[in-house]
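As they're listed, the protein sequences go chains A and B.
full-length UniProt numbering puts the first sequence at residues 1 to 550.
full-length UniProt numbering puts the second sequence at residues 1 to 689.
Just so you know, even glycine gets a beta-carbon here, dropped at the ideal spot from N, CA and C.
Scroll down for the structure; my scribbles are underneath it.
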Amino acid sequence: MSTSAEVRPNGSVDLLQPKPRKPVIPSLLRTRNDSEEGHSSNGTPASGASSRGATPVPEDAPPSAHATSSARQQIRAFHKRRIFPTVEYAARVSHFDPNSDYTDFRGFFVLFWIGLAIMCITAMLRNMKETGYPLTIRQWSLFTENIWEMGLSDALMVASTAISLPLHKMYMGSAGALRWRRGGIVIQSLFQAVWLSFWVYWPFLRTWTWTAQVFFTLHLLAMFMKMHSYAFYSGHLSEVRRRLMALDEPETTSASRAKLVRYPSTRTLPTSPTKEQIGEATKTEPAKSDLESLREDLAFELTSPLGRVTYPQNLTLYNYLDYLFCPTLCYELEYPRTKGIQWMELFYKSLAVFGCIFLMTVTSEEFVIPVLEESAPRLQRSQTFSEGSLILAETISRLLFPFMVIFLLVFLVIFEYVLGAFAEITCFADRQFYADWWNSTDWLEFSREWNIPVHNFFRRHVYSASRANLSRPVATVITFFISALAHELVMICITKKFRGYGFFAMMLQMPIVMVQRSKLVRGRTLLNNVLFWCSMILGLSMMCALYVLV
Amino acid sequence: MEELSQAQRPSLHANDTLDRAPRLAGQISRDGIANLDIDKANGNISLDVPIGTTPDAGSSNPSAAESIVSDDEDYDTMKIDPDVLVRAAKGIPGRQASASSSSSASAAGDEKQQQNGDARKTEKSSSLQVRLEKTGRRGRYKLTADDPQIRDIIRRGLEREAALDSRKQRSRLRDIIFTRQFTTFDRQNPATADSPFFGFFTLFWLCLIGMLVRVAMYNWKMYGSVVGKQDMVKMMFDRDVLVLGLTDGALCGATAVGLGLQKLILKGYLDWNRSGWIIQNIWQAVYLAAAIGFTQYREWPWTHTIFVVLHSMVFLMKQHSYAFYNGYLSSLFKRRNALEEKLDQLEDMEPDSAASPPVSPTLRKQDTSMTTSSSVDQKTNDVHRRRRSSGHHFFSEKSEVASVAAALESGRSLDLNQMHAFKEIIKAEIDSLSEELKGKATSEANAYPKNLTLSNFADWTCLPTLVYELEYPRQDKINWWYVVEKTAATFGCIGVMMVISQAYLYPPMAETVRMKEAGVTIHQRMEEFPWILGDMLFPLLLEQLLTWYVIWECVLNVLAELTCFADRGFYGAWWNSVSWDEYARDWNRPVHNFLLRHVYRSSISAFHVSKGTATFITFFISACVHELVMACLFRKVRGYLFTMQLLQVPLVSLSRTKLLKGRVILGNVIFWIGLFVGPSFLTSLYLIL
């Protein structure tokens, strides 16, 4: 979904609406993209399927042939890909944004909130009647106990990521063993590993409450990804810059003249062959023009997509801080921005964040904790396996609704309100933090759509990085594996138990996706959507019951 | 469409009098026909008509006619496809406005809508009294119109002309348009299939299934069986199920009285405007009273009662619409017959004098255009027709008509051209009458008197609409899979509703009953009120949503599919409503259309009330009916719902103030809170007090 819009080369900020549901046939998607990009002009396949060094047009060819050829070249130049996989940012709104076009069913969104509010009010009234207090937040101590220590640690953790900046300046400055491709990448990886293990272990060492630890760990993971993206993209750019500088004295140095630019591969058709043209020998173009174009390509790589920043200019503390606050995990030299901060929007979003957290607290207080407290001793007393599993099943069924609500609230609070608030603060224009995951038909689609920042990070820094050496399915499995590990880590933080249920369930999705892609169920959107939601609802409450009780 | 209708709601009172012919103008009665005060003392206007018209003036050569037609818009190519009508209505507002004349009296939609005859003041005679007296001189006749209707016709001719003359922008009462469309939650609707929030619809149903599973597990634990206690089922199916079916059949059969009445009216035993509408109203009152009385007499459980009462009200509205539309058409039919007779008389009166003067070319042109328009217009709707006919005829004839009117007023004799114009006016009137008699029908085969058949009536009884028309857009075939799917959905939803009421609603209700029987004081019971309310909030909201879904999405769609009814606009996007009037318009479109046509517009034309008053009357009647249903349900008259509904009127005007206008989300929030809390609040009130 992130490819739904091309970055406007001039950086114009007309807001893009989220797409409606995906067409069932991928070829449809492609044609739509093509027509959007407007290069299905004269029927010639302009997708860059031919090699770059196109057959030169003879001098005596009719003018129409010349025109076609130059048009092709222009379009190719427009679609020139960077060698480092890029994330296309554009000014976009999310589905639930007030400016979104999708207002057909807004009433039901309002109903959702009113339902939650009324649920809270009745719960509070009932508490008043029974205990005399509207709310007895037993979890309150969970929130307050380690708050100062946690805040301090968090600030330190974030600050410590900034070490990447001087480290990078070191890689860039050094010509020998410390340059990025030799020692730099090793040093950076070591640093990140140490950094990650230290900060993950820190809360265990200090025995924080689970809320503080979960918050810290999630923030830690986000910061880790940010730092990784920053370091590796900048490292790559430093290498590119080095090559560009080397080209200034082409005779003296043995600079690699391998071609840089990749052409857009059709991502939507998995069966089509990849059209990477790296290193393809050019037969027809003269050597000088080869050098020229290589220089151009390298310079293009060093320039931001919007064309206002070039590589070494960005290595400032201010830029790094700005990047830390931007709601994205992929470092780019420049992002599309809005004109200014809308303070009312910011206020509403912050209010919504606290409102959602309050609602979640009430829900768990009223509907989750009592169930678990009631079931735990019964399960301990149960003798036979069947009795235990019955109690477990009952617990799961009672947790279905609360977890559904909590899941939706977590989604909304993170992806609509927290990220939206940060986007508002930093004037970040691309608000597409999620796509229509609720229409998903399988788990892969869901994981692509429900968390677009992390998805972009994985696609850019894990999947594409492993694609260099590995085949497509293996790269997918690796991506999934890493993601499952991260989720298991969060579960460990919450429950302080190492069980691996979550890991197992996530890895189980792979064969399930294979089954869903088989002919039998493929294309049955409604059925697959029902199955997806069933697994989602059941899975969440099952995870909770299993981790807490077993 | 809503914007369109709002934009076109006319200001009726502005043009009630006609400036061009002040002495002839008078009040406009509710069928859109003016009731003229004959303020000229004698009332008889004698006209000296020099008779010299050629008999063949009316029928002229068709080739000339075609050439004229081709200059104008070509309606021959236009099929009476409702989509086209809608598009035309949307697409060319300016033209539409020009089509409508300056006064409501001649507006097509007006006459079409206002078919009520109740409390009609004008006593219209069905025969026209136009006397042609031979004067002393040969070839000169004296036309005496001692009937207001003749003036009326003349007046309308003037109005047509005035409209063309002034080209005034004027809105016209919009007719209820039937199109081909799907409901929002229908899977056939492409907009729904591509909706970005489709997944949440799935989630809703999955949550309901999850709820059913939970209830089943609870029942199993408590009672040892999945179904648990079955108080609701027992209540619903314990007794009188067969009697209920028979009653419903009898109610349905009894509606055929309306057909009989219309037949009698057609045959002339009764007159709709005199006795017909009174009989119809009495019959309707008796019908409703009998239905309600029977439910009370049998002491049925509330489920039986509510079903019979609501169904009888549906039948009542159907009968009302059928009777009043056909009654109106019957009066038109009589008038047309009388006019035709008169026209024949006029033609016969033509002098057979050999020296018929040569027809002037302009005259010939008028005549040809007249015939052309009448033939072409059979394929267009009446709006276009009127515009066309007037455009062709009266534009060129303007001075003629004016002179006829002037002659009529002043009592001068008519010359040849004026006499001719007079005839043309009558012809135009006949044409417009037959066009109205055809209504929405595409062919003469379905025009007024031919629709009074049993098959048409049975068809109408089954159609999922409450507004009678001679013809509706239909689809070609029945998709039986769709019928099966929706039928299954109907029964599934009803099952879910029964489970919800048994599991979540029955316990608090039983508790209130127990408290009352135990003699708990009202004060103590009121203390329980918030808890009962809280218990019922969520289940009642679900029940409400499901009831709405079952009726407006499932049942009506099944009916529509079975009858090939193509217009599935049973509801609008009421969940996005920002005010209560929007909700009232959107959530129940069939009844809304009925109220719009038979209450709102009828009251405007019948009692000459302002729009605001008409809205209030509509709200009031609706509130009365709702209170009646509540009274049947709880067997007490408390008026809570009535009060709350009438409170909506000031609330609506509040929502139009600056404070709330334009705040869509806030308005929607207020609306949902009302919808959420309202039903449970009412139910608790009725149960506890």
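(message) Closer than 8 Å between beta carbons: that is the criterion. Which residues of the segment 414 to 431 of chain A meet it against chain B?
(response) none
(request) Might you give, ordered along the chain, the residues of its own chain that have their beta carbon closer than 7 Å to the beta carbon of Thr255 (chain B), omitting 5 neighbours on each side? (result) On the second sequence, residue 255 (chain B) is found 255 positions in, with the first residue counted as 1. These residues qualify, in order along the chain: Phe315, Lys318, Gln319, Thr461.
(message) For Val513 (chain B), count the other beta carbons within 10 Å of its own beta carbon; 16 or more makes it buried, fewer makes it exposed. Which is it?
(response) Here residue 513 (chain B) is taken as the residue at index 513 of the second sequence, counted from 1. By the neighbour-count rule (16 or more Cβ atoms within 10 Å), Val513 (chain B) is not buried but exposed.
(message) Starting from Asn319 (chain A), trace the alpha helix (DSSP H) in both directions and tell me its first and last residue.
(response) Counted from its first residue, the first sequence places residue 319 (chain A) at position 319. Per DSSP, Asn319 (chain A) belongs to the alpha helix (DSSP H) from 317 to 325.
(request) With 8 Å as the limit, tell me which residues of the segment 93 to 111 of chain A have their beta carbon closer than that to any beta carbon of chain B; keep them in chain order. (result) His95, Pro98, Tyr102, Thr103, Asp104, Phe105, Arg106, Gly107, Phe108, Val110, Leu111
(message) Do Thr338 (chain A) and Ala90 (chain A) count as a contact pair if the criterion is CB distance below 9 Å?
(response) Against the first sequence, residue 90 (chain A) aligns to sequence position 90. Against the first sequence, residue 338 (chain A) aligns to sequence position 338. Cβ distance not < 9 Å, so Ala90 (chain A) and Thr338 (chain A) don't count as in contact.
(request) Please list the partners that Ser330 (chain B) has in chain D, where partner means a Cβ-to-Cβ separation under 9 Å. (result) Included in the structure are the protein chains A and B, with no chain D among them.
(message) Please report the distance separating the alpha-carbon of Gln345 (chain B) from that of Asp431 (chain B).
(response) Numbered from 1 along the second sequence, position 345 holds the residue referred to as residue 345 (chain B). Numbered from 1 along the second sequence, position 431 holds the residue referred to as residue 431 (chain B). Taking the straight line joining both Cα atoms gives about 17 Å.
(request) Out of B:Gly199, B:Asp476, B:Leu208, B:Phe178, state which residue places its alpha-carbon closest to the alpha-carbon of Met497 (chain B). (result) Mapped onto the second sequence, residue 497 (chain B) falls at position 497. Among B:Gly199, B:Asp476, B:Leu208, B:Phe178, the Cα nearest to that of Met497 (chain B) belongs to B:Leu208.
(request) Determine the DSSP secondary structure at Asp567 (chain B), reduced to helix, strand or coil. (result) For the purposes of this step, residue 567 (chain B) is taken as the residue at position 567 of the second sequence. Reduced to three states, the DSSP call for Asp567 (chain B) is strand.
(message) Check whether chain A comes within 9 Å of Trp672 (chain B), counting only Cβ atoms and requiring the distance to be less than that.
(response) Along the second sequence, read from residue 1 onward, the residue named residue 672 (chain B) stands at position 672. Taking Cβ atoms only, chain A reaches closer than 9 Å to Trp672 (chain B), which makes this a yes.
(request) Could you run through the segment 566 to 585 of chain B and flag, in chain order, every residue whose CB is less than 8 Å away from some CB of chain A? (result) Ala573, Trp574, Trp575, Asn576, Ser577
(message) Does the CB of Trp481 (chain B) have a neighbour CB from chain A at under 9 Å?
(response) Here the question's residue 481 (chain B) lines up with position 481 in the second sequence. It does not; no Cβ of chain A falls within 9 Å.
(message) Does Met245 (chain A) pass the burial test, meaning 16 or more other C-beta atoms within 10 Å, or should it be called exposed?
(response) By one-based count along the first sequence, residue 245 (chain A) stands at place 245. It is exposed - the Cβ of Met245 (chain A) has fewer than 16 other Cβ atoms within 10 Å.
(request) Would you check if there are 3 or more beta carbon pairs closer than 8 Å linking the segment 502 to 513 of chain A to the segment 362 to 377 of chain A? (result) no
(request) Measure from the C-beta of Ala191 (chain B) to each C-beta in chain A and report whether the shortest distance is under 9 Å. (result) Position 191 of the second sequence, counted from the first residue, corresponds to residue 191 (chain B). Output row for Ala191 (chain B): interface = yes.
(message) Distance cutoff 9 Å, beta carbons only. Does Trp450 (chain A) sit that close to anything in chain B?
(response) Within the first sequence, residue 450 (chain A) is the residue found at index 450, counting from 1. No - not a single Cβ of chain B is within 9 Å of the one on Trp450 (chain A).
(request) Measure the alpha-carbon distance for Arg585 (chain B) versus Trp575 (chain B) and round it to whole angstroms. (result) Sequence index remark: in the second sequence, residue 585 (chain B) carries index 585 (1-based). Sequence index remark: in the second sequence, residue 575 (chain B) carries index 575 (1-based). Cα to Cα, the separation comes out at about 12 Å.
(message) Please list, in chain order, the chain B residues whose beta carbon lies closer than 9 Å to that of Val530 (chain A).
(response) Sequence index remark: in the first sequence, residue 530 (chain A) carries index 530 (1-based). By Cβ distance, chain B contributes Thr202, Trp205, Leu206.
(message) Helix, strand or coil for Gln181 (chain B)? Go by DSSP, reduced to three states.
(response) If you number the second sequence from 1, residue 181 (chain B) lands on position 181. In this structure, Gln181 (chain B) counts as strand in the three-state DSSP scheme.
(message) Would Ser94 (chain A) and Arg431 (chain A) be called neighbours here (beta carbons separated by less than 9 Å)?
(response) Here residue 94 (chain A) refers to the residue found at position 94 of the first sequence. Here residue 431 (chain A) refers to the residue found at position 431 of the first sequence. Yes, Cβ-Cβ distance for Ser94 (chain A) and Arg431 (chain A) is below 9 Å.
(request) List the DSSP bridge partners of Thr303 (chain A). (result) Along the first sequence, read from residue 1 onward, the residue named residue 303 (chain A) stands at position 303. Beta-bridge pairing links Thr303 (chain A) to A:Thr310.
(message) Taking the alpha carbon of Glu88 (chain A) as the reference point, which residue from A:Ser304, A:Ala162, A:Arg242 has its own alpha carbon closest?
(response) Residue mapping note: residue 88 (chain A) aligns to position 88 of the first sequence, counting from 1. When each option's Cα is compared against that of Glu88 (chain A), the closest is A:Ser304.
(request) Tell me where the alpha helix (DSSP H) around His236 (chain A) begins and ends. (result) In the first sequence, residue 236 (chain A) corresponds to position 236, counting from 1. Run containing His236 (chain A): 210 to 246, per the alpha helix (DSSP H) assignment.
(message) With a threshold of 6 Å on Cβ separation, who are the neighbours of Phe634 (chain B) within its own chain once the five nearest residues in sequence on each side are excluded?
(response) Numbered from 1 along the second sequence, position 634 holds the residue referred to as residue 634 (chain B). Closer than 6 Å at Cβ, skipping near neighbours: Tyr686.
(request) Closer than 9 Å, Cβ to Cβ, to anything on chain B: give me those residues from the segment 375 to 399 of chain A, in chain order. (result) Residues are counted here when their Cβ sits less than 9 Å from a Cβ of chain B; for the segment 375 to 399 of chain A these are Ala393, Glu394, Ser397, Arg398, given in chain order.
(message) Quick test of the definition: if touching needs 3 or more C-beta pairs under 8 Å, does the segment 420 to 439 of chain B touch the segment 335 to 343 of chain B?
(response) yes
(request) Could you confirm whether any beta carbon from chain B is found closer than 9 Å to the beta carbon of Ser272 (chain A)? (result) Taking the first residue of the first sequence as position 1, residue 272 (chain A) is located at position 272. In this prediction, Ser272 (chain A) has a pLDDT of 33, which is less than 50 and means its spatial position is unreliable; nothing more can be read from the coordinates.
(message) Suppose you measure from the CA of Asp271 (chain B) to the CA of Ile265 (chain B); what does that come to, to the nearest Å?
(response) Within the second sequence, numbered from 1, the residue matching residue 271 (chain B) stands at position 271. Within the second sequence, numbered from 1, the residue matching residue 265 (chain B) stands at position 265. If I take the Cα positions, the gap works out to 6 Å.
(request) For Gly572 (chain B), collect the residues of the same chain with a Cβ closer than 6 Å to its Cβ; drop the 5 residues on either side in sequence, then sort them by chain order. (result) Indexing the second sequence from 1 puts residue 572 (chain B) at position 572. Counting only Cβ-Cβ distances below 6 Å, and skipping sequence neighbours, we find Asp586.
(request) Taking 9 Å as the cut-off, decide whether the C-beta atoms of Ala566 (chain B) and Gln475 (chain B) are in contact. (result) To locate residue 566 (chain B), count along the second sequence from 1; it is residue 566. To locate residue 475 (chain B), count along the second sequence from 1; it is residue 475. Yes.
(request) Kindly say whether Phe216 (chain A), judged by its beta-carbon, lies nearer than 9 Å to any beta-carbon of chain B. (result) Locating residue 216 (chain A) in the first sequence gives position 216, where the first residue counts as 1. No, Phe216 (chain A) lies away from the interface with chain B (no Cβ there is under 9 Å from its Cβ).
(message) Can you confirm whether Met225 (chain A), when its beta carbon is compared against all beta carbons of chain B, has any partner nearer than 9 Å?
(response) Here residue 225 (chain A) corresponds to residue number 225 of the first sequence, with the count starting at 1. No, no contact with chain B.
(message) Rounded to the nearest angstrom, what separates Thr295 (chain B) and Thr247 (chain B) at their Cα positions?
(response) Stepping through the second sequence from its first residue, residue 295 (chain B) is reached at position 295. Stepping through the second sequence from its first residue, residue 247 (chain B) is reached at position 247. If I take the Cα positions, the gap works out to 9 Å.
(request) Give me the Cα-Cα distance between Arg597 (chain B) and His608 (chain B), rounded to the nearest whole angstrom. (result) Walking along the second sequence from the start, residue 597 (chain B) turns up at place 597. Walking along the second sequence from the start, residue 608 (chain B) turns up at place 608. In a straight line, the C-alpha of Arg597 (chain B) is about 15 Å away from that of His608 (chain B).
(message) Can you pull the chain B neighbours of Trp208 (chain A), defined as C-beta to C-beta under 9 Å?
(response) By 1-based counting over the first sequence, the position of residue 208 (chain A) is 208. Near Trp208 (chain A) there are no residues of chain B at all, since even the closest Cβ is about 35 Å away, more than 9 Å.
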